[in-house]
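Everything in the sequence shown is counted per this note's numbering, starting at 4 for the first residue and increasing by one. Worksheet: the structure to be examined is printed underneath.
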Amino acid sequence: EGIITDYKIRISEMKKKTVLAFKKLNYEVIAAGDSYNDVSMLLEAKHGILFRPPNNVIEQFPELPTVNEYDELKDLISKYLGFSN
């Protein structure tokens, strides 16, 4: 008892579909995530950022910038928004 034994995904690739919906409304999207379930969202966003991902994700997706600290994430988002530090 108290363990998950099954699940049903209601909407596949929900994070990616959310980014696509924002883009359809002419928003530019910056997204951050940490693992495989975030990759399609990160690749679809104008700027996708890996935040504290495991090494295998970093190795598989070298095109995505990687940050490990909140200040690094804040600085990268500020850069993408055109703010100077």
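Where is the CB? At the ideal position from N, CA and C, for every residue including glycine. All figures in this text were calculated on a predicted structure; none of them were measured in a lab.
Beta-carbon gap between residue i and residue j smaller than 8 Å
i: residue 32; j: residue 49; result: yes
i: residue 65; j: residue 79; result: no
i: residue 23; j: residue 36; result: no
i: residue 71; j: residue 55; result: yes
i: residue 20; j: residue 14; result: yes
i: residue 43; j: residue 18; result: yes
Rounded C-alpha distance that separates residue i from residue j
i: residue 87; j: residue 16; result: 34 Å
i: residue 27; j: residue 47; result: 12 Å
Beta-ladder partner(s) of residue i, from DSSP
i: residue 8; result: Residue 8 pairs with nothing; no bridge assigned.
Own chain residues within Cβ distance below 8 Å of residue i, not counting five before or after
i: residue 76; result: 35, 52, 54, 70
i: residue 84; result: 33
From the options, residue whose alpha carbon lies closest to that of residue i
i: residue 38; options: 29, 47, 6, 63; result: 63
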